[in-house]
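Protein chains in written order, with this note's numbering: chain A, 35 to 215; chain B, 2 to 102. Beta carbons are placed, not taken as given, at the ideal position from N, Cα and C, and that holds for glycine. Model, not experiment: these values are computed from the prediction. Accompanying notes for the structure given below.
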Amino acid sequence: MHVSFEQWLTEIANYVFAALAIPTLVGAWMVVTSTNIVRAVLYLVVTLAGSAALFIMLGAEFVGWTVVLVYIGAVIILFLIGIMITRAPLGSHEELSHPATVKIPAALLSIVLFTVVAWAVADAFGGLAIPPDVGATRTGQLAEVIFQRFVIPFEVVSLVLLSALVGGIALARKDEPEEPA
Amino acid sequence: MTIAQFVILGTALFSIGLYGVITRRNAVLVLASVEVMLAAVNINLVAFDVYLADQLYAGQIFTLFIIAVAAAEVGIGLAIVLMIFRNRHDADVDELDLMRY
Chain A
35 MHVSFEQWLT
45 EIANYVFAAL
55 AIPTLVGAWM
65 VVTSTNIVRA
75 VLYLVVTLAG
85 SAALFIMLGA
95 EFVGWTVVLV
105 YIGAVIILFL
115 IGIMITRAPL
125 GSHEELSHPA
135 TVKIPAALLS
145 IVLFTVVAWA
155 VADAFGGLAI
165 PPDVGATRTG
175 QLAEVIFQRF
185 VIPFEVVSLV
195 LLSALVGGIA
205 LARKDEPEEP
215 A
Chain B
2 MTIAQFVILG
12 TALFSIGLYG
22 VITRRNAVLV
32 LASVEVMLAA
42 VNINLVAFDV
52 YLADQLYAGQ
62 IFTLFIIAVA
72 AAEVGIGLAI
82 VLMIFRNRHD
92 ADVDELDLMR
102 Y
């Protein structure tokens, strides 16, 4: 189904989308530019909450709440602990980013990447509507597919997570000094 | 809602994350920028999953896998940053040039 720009403007869901997308982008921008390391990580919460809200808006409710629980609940705390433990400068600090000699080429690269991909997407998918009658995905439907069709990848991911956490503990723990015999 | 608006939002988030990975000096903030890029990919996957009305929900399930792998990545990444900090008393990625020829 194809929608023109005028039709697009009459749809209320698109204003909800804009209200969610703008904080998401502003939060992401603050993550990469803030001079305060704790604030940069806390702005990541805004970006991830925005993406979770977009998932719920698309009907992917289980994924949305998983983002809230795993990312906002656990990963952000891990980041904050990482900041505290590496004794990063907690106040405003210019040394967190490279000087303009790196920033300008990086900004050019990002803008070129965005322009090329956004042009390609608009060219290929411009105006193609998401079916409006799409309902919420029930968690039971997801579970049926995960535990039947995707059960092997699921088990592999659980092993990856286990070995990563064991490896993390092994890397981060302090070795006890050997006791003199 | 069109599919393009979600994919272009994902592209913008990905570009911002790329900018952060290149310009940040603190290793913890490089990891945070990578998380922004992963969020962009997740938005893409879920948007296409809903657009295609996939019977296997492959986009949503891959998003769940990405979330699990990202949690593992942050856990092990921060352990490595912590170990580097313990040895060098610094978390600046520019100082890590031991393996340069």
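How far does the alpha helix (DSSP H) with residue i in it extend, from its first residue to its last?
i: G18/B; result: 4-24
i: N43/B; result: 28-53
i: F86/B; result: 59-89
i: R101/B; result: Segment: none, R101/B is in no alpha helix (DSSP H) and carries neither H nor E.
i: D157/A; result: 134-159
i: M64/A; result: 46-67
i: I90/A; result: 71-91
i: L195/A; result: 185-206
Exposed or buried, residue i, counting other C-beta atoms within 10 Å across all chains shown (16 or more means buried)?
i: E36/B; result: buried
i: S144/A; result: buried
i: L196/A; result: exposed
i: L142/A; result: exposed
i: N88/B; result: exposed
i: D95/B; result: exposed
i: A13/B; result: buried
i: V185/A; result: exposed
i: Q6/B; result: buried
i: S16/B; result: buried
i: Y49/A; result: exposed
i: M35/A; result: exposed
Are the CB atoms of residue j and residue i within a distance shorter than 8 Å?
i: A140/A; j: Y20/B; result: yes
i: G61/A; j: T3/B; result: no
i: V82/B; j: T120/A; result: yes
i: V75/A; j: L114/A; result: yes
i: V75/B; j: Q61/B; result: no
i: V72/A; j: I117/A; result: yes
i: V42/B; j: A94/A; result: no
i: T58/A; j: T81/A; result: yes
i: G98/A; j: I90/A; result: yes
Given this structure, state the Cα-to-Cα distance separating residue i from residue j, to the nearest angstrom.
i: V179/A; j: V190/A; result: 16 Å
i: M100/B; j: T135/A; result: 24 Å
i: V70/B; j: V194/A; result: 7 Å
i: V37/A; j: T171/A; result: 24 Å
i: L88/A; j: L57/B; result: 21 Å
i: A33/B; j: R26/B; result: 12 Å
i: G107/A; j: A83/A; result: 11 Å
Check whether the Cβ of residue i lies closer than 8 Å to any Cβ atom in chain C.
i: R89/B; result: You won't find chain C in this structure, because its protein chains are A and B.
- Message: Residues of the segment 31-42 of chain B in Cβ contact with chain A at a cutoff of 8 Å, in chain order, please.
- Response: So the list reads L32, A33, S34, E36, V37, A40, given in the order they occur along the chain.
* Identify each residue in the segment 108-122 of chain A for which the Cβ-Cβ distance to at least one residue of chain B is less than 7 Å, and report them in chain order. => Those residues of the segment 108-122 of chain A that come within reach of chain B (Cβ to Cβ, closer than 7 Å) are A108, V109, L112, F113, G116, I117, I119, T120, A122.
Which of the residues in the segment 68-87 of chain B, read from start to end, lie with their CB under 9 Å from any CB of chain A? Along the segment 68-87 of chain B, the positions whose C-beta sits under 9 Å from a C-beta of chain A are I68, A69, V70, A71, A72, A73, E74, V75, G76, I77, G78, L79, A80, I81, V82, L83, M84, I85, F86, R87, read in chain order.
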